[in-house]
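S.K.: Sequence lines, in order, name chains A and B.
Our numbering puts the first sequence at residues 1 to 404.
Our numbering puts the second sequence at residues 405 to 699.
Where a beta carbon is used, it is the ideal one built from N, C-alpha and C, also for glycine.
What follows is a single structure, and I will ask about it in a moment.
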Amino acid sequence: MKLKKICAALAMCGLALGVGSAQAQKLSGDKIVIGFITDMSSLYSDIDGQGGVESIRMAIADMEKQFPGKKIELVFADHQNKADIASSKIREWIDQAGADVIIGGTNSSTALAGAKVASEKKRPYISIGAASSRLTNEDCTPYIVHYAYDTVALANGTGAAVVKSGGKSWFFLTADYAFGHSLEKDTGDVVKAAGGTVVGAVRHPLSASDFSSFLLQAQNSKAQILGLANAGGDTINSIKAANEFGVTKNMKLAGLLMFINDIHSLGLPTTQGMYLTDGWYWNQTPESREWARRFFTKMKRMPSMLQAGDYSAVTQYLTAVKAAGTDDPDTVMAQLKKQKINDMFAKNGYIRADGRMIHDMYLMQVKSPAESKEPWDYFKLVQTIPGEEAFTKLANSRCPLVKK
Amino acid sequence: MTELFGIPLPALLSQLLLGLVNGSFYAMLSLGLAVIFGLLNVINFTHGALYMMGAVFAWMGLTYFGLNYWVMLVVAPLLVGLFGIIVERLLLRHLYKLDHLYGLLLTFGLVLLIEGLFRSFYGVSGLPYSVPEQLAGATNLGFMILPNYRAWVVVASLIVCFGTWFVIERTKLGALLRAGTENAQLTQAFGVNVPLMVTLTYGFGVALAGFAGVLAAPILQVQPLMGSNLIIVVFAVVVIGGMGSIMGSILTGLGLGVIEGFTRVFYPEASSTVVFVIMAIVLLIRPAGLFGKEK
């Protein structure tokens with residue numbers, strides 16, 4: 001009898017608590033809608049794509065219990081690397097599906113366009129996959145968060161490290177579009193500031209059919225370092241051809257934007273010894289390993305920095321909604337910029353006034369086949385670059401939101 | 405050092421050679437397209453996807469069955485050809501009486517299907533495939549270091565291209581093929597099994613694409629979209645050479661490879677557009693293409 005009473009009392013308390021917390025959260029439409037737009041079918045779909053969707057689903061599943069009685073929905077779409085598709089999809093989600101936050105995937109041009117729409121409609125736009133540092137400089141808004149990495153951090157990582165290890169003269173092989181140009185410029189600046197020289201560059205069209213001509217030109221430059229200011233398949237084909245033509249015998253390659261998936265595709269014999277800058281590596285901490293294993297059981301491949309970033313960003317967003325007790329965009333943005341980010345992705349991360357998420361970046365070197373102990377064991381940590389040094393200094397930010 | 409237009413001569417020579425290597429791929433692929441268009445009147449958009457299939461088959465053979473490059477150089481084109489024969493028998497043959505456009509739409513749809521299927525299995529980052537041991541290393545030619553494998557690509561593709569040309573233009577079988585192209589009904593009246601010939605020709609044409617795919621596997625990223633990057637250029641080559649012209653497609657393929665190579669030195673930014681500029685000029689001056697016959 002007594003036991004029954006206690007049980008009933010506890011149940012009442014529980015009910016009351018449940019009702020209480022439900023009342024405390026004011027959610028538009030009584031639910032949270034997360035929109036995720038990325039390349040799901042083309043050249044960048046392995047580094048984000050379906051894996052990114054899965055990461056976000058994992059984040060929602062892990063956070064759901066903190067929102068009893070509320071629904072957290074995910075809508076996602078393929079922007080096909082077209083800026084107009086990205087912006088019209090985001091507009092549709094906000095106007096019709098009641099999207100509360102947009103997670104932006106790969107491709108800088110879609111991110112710049114999409115973030116603009118989200119900002120006009122006052123919805124947080126958290127960019128994970130895009131590299132362009134314009135998102136937190138010229139094109140910054142109060143609603144943009146640039147989460148995982150950017151071109152400046154890549155340049156500061158690989159560029160500075162390679163010059164320090166003796167690679168003074170550089171030649172760039174650059175993808176001939178906005179991303180490649182800014183990566184070449186940012187890295188060139190870092191190289192020169194560190195006392196190195198840039199002897200030349202050759203610009204190749206996006207998805208070039210063959211790289212051997214460009215590589216011979218690079219070889220004739222007699223530079224020590226060949227900086228690859230390109231991405232994805234272009235980087236892979238450049239590296240393959242560089243090995244074939246013996247360019248690697250007298251020049252060292254520096255991949256300025258490489259993901260673990262690129263290394264997996266090329267194999268360690270071809271890539272060993274290369275430097276690259278990463279924002280996250282699955283094998284970096286016990287938490288990251290544990291999460292990566294979960295991801296692996298679903299996707300059969302290890303997560304990239306972007307997929308881990310997707311998980312972390314959604315987790316942090318939902319944490320902010322929980323703490324603020326509402327999904328009102330301005331309140332949540334204020335909360336996001338207030339909270340410390342400590343999870344499997346970042347330690348002591350924080351979001352600055354310009355929207356840049358500051359966290360440590362890592363200079364990695366690709367292992368030799370002998371050093372690699374298991375599948376996907378590809379990187380050794382050369383140097384941790386503190387967040388404040390990796391990204392644009394706040395004093396140098398060109399974002400009007402930064403009060404100087 | 406001798407210079408030409410401000411570029412050292414050795415550098416120019418090496419670009420000429422590299423242009424020939426790339427031209428070999430154009431020649432092999434456009435040859436297949438020309439053969440198919442010549443006999444079937446089908447604009448075969450699947451060609452790029454089948455080229456990719458050849459490369460992926462090479463990778464599969466090595467990874468799953470331990471079959472080396474040389475074995476797959478024979479097996480992969482056969483498999484691709486077989487696939488082509490099935491496609492022709494089941495789908496394409498129903499469209500011969502209709503406008504070209506229907507064949508183009510069907511084959512384009514097939515591309516999306518094939519690429520999508522491979523993408524969902526293997527992703528887009530690419531599959532590793534290395535140069536066969538026998539051809540590893542490079543030879544110093546004095547003006548440049550040429551990887552042995554690239555030299556092999558040129559030799560192999562020249563043999564295949566001119567072999568095909570010889571069979572079609574200089575043998576009895578070729579004569580029948582050409583007769584079938586000119587007038588199928590009349591050829592059939594002479595007791596030639598034209599539908600079978602059409603099927604086998606399609607199979608052979610796409611097998612050429614598969615062969616090119618295996619040749620490309622060690623030097624390019626093997627991934628589901630590798631064909632779509634190439635196919636548009638190859639179509640331009642066919643148009644410049646003259647639709648359906650065998651020799652035209654071989655010579656144009658090699659020639660455009662060389663022109664593209666030189667563009668990479670003088671003005672690299674334009675290297676992916678130069679082929680289309682030439683196409684526009686050729687179409688203005690000779691609408692039937694350089695080697696095509698006006699009808």
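Taking the C-alpha atoms as reference points, what is the distance between N220 of chain A and I94 of chain A?
M.R.: 53 Å
S.K.: Closer than 9 Å by beta-carbon distance: list the chain A residues that pair up with R690 of chain B, in chain order.
M.R.: Simply none; closest approach about 25 Å.
S.K.: For Y378 of chain A versus L268 of chain A, is the C-beta spacing smaller than 8 Å?
M.R.: Going by beta carbons, Y378 of chain A and L268 of chain A fall inside the 8 Å limit.
S.K.: What does the alpha-carbon distance come out to for the pair S28 of chain A and D328 of chain A?
M.R.: 8 Å
S.K.: If you reduce the DSSP assignment to three classes, tell me which class F547 of chain B lands in.
M.R.: coil
S.K.: Given a limit of 8 Å on CB to CB distance, which residues of the region 542-569 of chain B reach chain A?
M.R.: A542, M548, I549, P551, Y553, R554
S.K.: Determine, using beta carbons only, whether I644 of chain B and L660 of chain B come nearer to each other than 8 Å.
M.R.: Yes; because the gap between Cβ atoms is below 8 Å, this pair is in contact.
S.K.: Which residues in the same chain have their Cβ closer than 8 Å to the Cβ of L10 of chain A, if we skip the five residues on either side of it in sequence?
M.R.: Because L10 of chain A sits at a pLDDT of 47, beneath the cut-off of 50, its placement in the model cannot be relied upon, and the following sentence gives the value as read from the coordinates. Same-chain partners within the cutoff: there are none.
S.K.: Name, in chain order, the residues that DSSP records as bridge partners for T197 of chain A.
M.R.: DSSP, once it has assigned bridges, lists A:S169 as partnering T197 of chain A.
S.K.: If I follow the unbroken alpha helix (DSSP H) through Y149 of chain A, where does it start and stop?
M.R.: Looking at the DSSP string, Y149 of chain A is not in any alpha helix (DSSP H), and its letter there is neither H nor E.
S.K.: In this structure, what does DSSP give as the bridge partners for V626 of chain B?
M.R.: B:L531
S.K.: Which of the three DSSP states is assigned to A692 of chain B in this structure?
M.R.: coil
S.K.: Quick one: is F429 of chain B buried, meaning 16 or more other Cβ sit within 10 Å of its Cβ, or exposed?
M.R.: So F429 of chain B ends up on the buried side.
S.K.: Using only CA atoms, which one of A:N283, A:N243, A:G227 lies nearest to W170 of chain A?
M.R.: A:G227
S.K.: Using the beta-carbon of each residue, which ones in chain B are nearer than 7 Å to I236 of chain A?
M.R.: G530, Q625
S.K.: Using a cut-off of 8 Å between C-beta atoms, extract the partners of V669 of chain B located in chain A.
M.R.: S213, Q217
S.K.: According to DSSP, is R203 of chain A part of a helix, a strand, or is it coil?
M.R.: strand
S.K.: Under the assumption that G157 of chain A contacts T277 of chain A (Cβ atoms under 8 Å), give the Cβ distance between them as a whole number of angstroms.
M.R.: 3 Å
S.K.: Can you tell me the Cα-Cα spacing of T667 of chain B and A674 of chain B, whole angstroms?
M.R.: Looking at the two C-alpha atoms, the distance is approximately 7 Å.
S.K.: Is DSSP giving T277 of chain A helix, strand or coil here?
M.R.: The three-state reading of DSSP puts T277 of chain A in strand, counting E and B together.
S.K.: Could you check how far apart the C-beta atoms of S213 of chain A and S182 of chain A are, in whole angstroms? I think they sit under 8 Å.
M.R.: About 24 Å separates the two Cβ atoms, so there is no contact after all.
S.K.: Following the continuous beta strand (DSSP E) through Y362 of chain A, name the residue where it begins and the one where it ends.
M.R.: 361-366
S.K.: Is it true that the CB of V602 of chain B sits closer than 8 Å to the CB of T591 of chain B?
M.R.: No.
S.K.: Checking 8 Å against the spacing of the C-beta atoms, do I458 of chain B and G617 of chain B come in under that value?
M.R.: For the record, residue 458 of chain B in the displayed sequence is Gly; it is not Ile. At the C-beta level, G458 of chain B and G617 of chain B come within 8 Å of one another.
S.K.: Buried or exposed: where does P532 of chain B fall if 16 or more other Cβ atoms within 10 Å of its Cβ makes it buried?
M.R.: buried
S.K.: Any idea which residues DSSP pairs L226 of chain A with across the strands?
M.R.: A:F171, A:L253
S.K.: Taking N426 of chain B as the query, report the chain A residues whose CB atoms sit under 7 Å from its CB, ordered along the chain.
M.R.: S209, D210
S.K.: What does L76 of chain A reach in chain B if we use C-beta pairs closer than 9 Å?
M.R.: The question names Leu, yet the displayed sequence has Phe at residue 76 of chain A. The premise fails here: F76 of chain A is roughly 16 Å from chain B at the closest Cβ pair, so nothing lies under 9 Å.
S.K.: Report yes or no: do the region 278-292 of chain A and the region 247-257 of chain A share at least 3 C-beta pairs separated by less than 8 Å?
M.R.: no
S.K.: Can you find a CB in chain A that lies within less than 8 Å of the CB of G527 of chain B?
M.R.: Look at G527 of chain B: its C-beta is under 8 Å from a C-beta on chain A.
S.K.: If we define contact as Cβ-Cβ less than 8 Å, is F36 of chain A a contact residue for chain B?
M.R.: no
S.K.: Are the beta-carbon atoms of E147 of chain A and G387 of chain A separated by less than 8 Å?
M.R.: Inspection of the sequence shows that residue 147 of chain A is occupied by Tyr rather than by Glu. Not a contact, by the Cβ cut-off of 8 Å.
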